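Chains as they are written, first to last, in the working numbering: chain A, 4 to 127; chain B, 1300 to 1690. By construction, the Cβ of each residue, glycine as well, lies at the ideal position given by its N, Cα and C atoms. Nothing here was measured: the structure is a model prediction, and the numbers come from that model.
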Amino acid sequence: MRDYPAPIEDPATKPFWQAARGGVLLLGWCRDTGRHFWPPRPISPFTLTANTETRPASGQGNVYTFTVMRIADPYIPAFVELAEGPRIFTNLVDVAPEAVSIGMGVALRWIPTEGAPLPGFAPA
Amino acid sequence: MSLNGRACIAGAFEHPTRKAEHASVAQLHAEVAAGALADAGLTAADVDGYFCAGDAPGMGPLSMADYLGLDRLRHLDSTDIGGSSYLAHVAHAAAAIALGRCDVALVTLAGRPRSEGQATGTAARAQNPTVPDDAFELPFGRTVAAAYAMVAMRHMHEYGTTAEQLAWIKVAASQHAQHNPHAMLKKPVTVADVLASPLVADPLHRLDCCVISDGGGALIVTRPEIAHSLKRPVVTLRGTGEAVKHQSGGYPDLTFSGARASGARAFAEAGVTPADIQYASIYDSFTITVLVQLEDLGFCAKGQGGRFVADGNLISGVGRLPFNTDGGGLCNNHPANRGGITKVIEAVRQLRHEAHPAVQVPGCTLALAHGTGGLLAHRHGSATLILERTA
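This is the structure:
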């Protein structure tokens, strides 16, 4: 696997990355609309209020779209549609590019970095 | 207030360089400013409005006004929506002119990514700790090529669009570029050539990507009375539209672009339809950019872009919608990694009937220019202009 840089944490995202260290993928939840949002943030992107919380994701989803970056060490950027609804930008890991297709089921697979792990996905 | 008829593009200039090893970015801005003013028949002393975006060095209009020696400025705008900025600048200049806040607006763009050796499309950038999405995107190797390739992949999945159809867009651009002595890639290519070029980000091949070039361009926007007093053909602004498309809180739909909104606004303001457009400058950072924008602007139905661009339909003298007759970003020039200004410049050439004779649209009086800036998948700006030759 390629070397993944650590995500830079800020005061608003620190709780998300702390949960990631414990293996939990948190989504934003807007209490005003009853909808998940991504990326997590203290202010709802739907209503611009602080009436928000975070909720753990199931980690299940399917591939909405992807590509293969054909550099010396190829990798697979993708948008994964989570079971909860949001489509999140990620990488597909532990899978050969030829084996990936849109719609295939995937599950959360944390990608280690020197800091917090990144939410990657692998075939379910 | 409608901007229809409130301003004209009186000057346009594209820097001839494609590799500026021995010029600074500020110098390139100055050279294109001088070129556009000379084209219009005006001087720097006439300029009282100035527009630039993130490619300008230093603190945008402050640094550039100083460098360019502009001392009559009373209106400034540094709106930055990537490569679409300069089309937005034209609209903003028209609004400022209509409000009496300036009379002669100068818009400049310049940069030298080629000389600086930037891996523009394929390198992931470093995270900026203040940009909220960076930590969730850049560690995953978010690149410009990937952001457009993922749109192409979804388009193929939803609508059956093929790599061959995308390749036709490059073929059309290359047919035009062969007549442009300044174009970076002057050799016509075939669909087979595009498909045989290496994959950069599936399904996009190297020849689906625009060039990386140094250079720049500038425009002069002025009030109609001034434009009519000058010696050049009068190109009048008929319609303008802007839009931003983003991830909508985690629910992005990658099948369409901001052009759907910006185009509708521009057509409504102009009071014309896509069928009326005789020439179109369509932002072409990648072939897929063109295809999605053509659909969203209404030149064909959603999902029909592949069929629309195939078989030379974008080639001047051959197809129904001549596009990017300078060779576009795909073959001619994509200065500073931002192609918006060259889109306007070629539209002005067409309306003045000053495009190369081999690609000039006969009797061209109504043209559209459209830009997309940023990342098609993640977040981007859109700006559309509709221009008419009126004298």
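Proximity test, Cβ basis, 8 Å: residue i and chain B
| i | result |
| --- | --- |
| residue 52/A | no |
| residue 131/A | This structure does not reach residue 131/A, given that chain A is present from 4 up to 127, and the question cannot be answered. |
| residue 115/A | no |
| residue 124/A | no |
| residue 97/A | no |
| residue 35/A | no |
| residue 94/A | yes |
| residue 16/A | yes |
First and last residue of the uninterrupted beta strand (DSSP E) at residue i
| i | result |
| --- | --- |
| residue 114/A | 108-114 |
| residue 40/A | 38-40 |
| residue 125/A | 121-126 |
For residue i, the three-state DSSP class (helix, strand or coil)
| i | result |
| --- | --- |
| residue 1607/B | helix |
| residue 1582/B | coil |
| residue 1632/B | coil |
| residue 1449/B | helix |
| residue 1363/B | helix |
| residue 1415/B | coil |
| residue 1524/B | helix |
| residue 91/A | strand |
| residue 1568/B | helix |
| residue 1620/B | coil |
| residue 1558/B | helix |
| residue 1390/B | helix |
| residue 56/A | strand |
| residue 1482/B | coil |
Interface flag, residue i vs chain A, CB-CB below 8 Å
| i | result |
| --- | --- |
| residue 1475/B | no |
| residue 1426/B | yes |
| residue 1373/B | no |
| residue 1586/B | no |
| residue 1549/B | yes |
| residue 1499/B | yes |
| residue 1439/B | yes |
| residue 1456/B | yes |
| residue 1460/B | no |
| residue 1507/B | no |
| residue 1432/B | yes |
Residue(s) in a DSSP beta bridge with residue i
| i | result |
| --- | --- |
| residue 1477/B | None; residue 1477/B has no bridge partner. |
| residue 1376/B | 1350/B |
| residue 1313/B | 1516/B |
| residue 72/A | 78/A and 1500/B |
| residue 1683/B | 1540/B and 1669/B |
| residue 1534/B | 1308/B and 1688/B |
| residue 63/A | 110/A |
| residue 1508/B | 1585/B |
| residue 1357/B | According to DSSP, which records beta bridges pairwise, residue 1357/B is partnered with nothing at all. |
Beta-carbon spacing of residue i, residue j below 8 Å
| i | j | result |
| --- | --- | --- |
| residue 1310/B | residue 1536/B | no |
| residue 105/A | residue 68/A | yes |
| residue 126/A | residue 1435/B | no |
| residue 1614/B | residue 1471/B | yes |
| residue 1451/B | residue 1421/B | no |
| residue 1652/B | residue 1580/B | no |
| residue 1504/B | residue 1493/B | yes |
| residue 27/A | residue 59/A | yes |
| residue 63/A | residue 81/A | no |
| residue 1544/B | residue 1681/B | yes |
| residue 1565/B | residue 1683/B | yes |
| residue 1520/B | residue 1333/B | no |
| residue 1319/B | residue 1411/B | yes |
| residue 1501/B | residue 1634/B | no |
Unbroken alpha helix (DSSP H) run spanning residue i, endpoints
| i | result |
| --- | --- |
| residue 32/A | Note, residue 32/A: premise wrong, no alpha helix (DSSP H); beta strand (DSSP E) at 29-33. |
| residue 18/A | 17-24 |
| residue 1400/B | Residue 1400/B -> no alpha helix (DSSP H), and no H or E assigned at all. |
| residue 1336/B | 1324-1339 |
| residue 1436/B | 1433-1436 |
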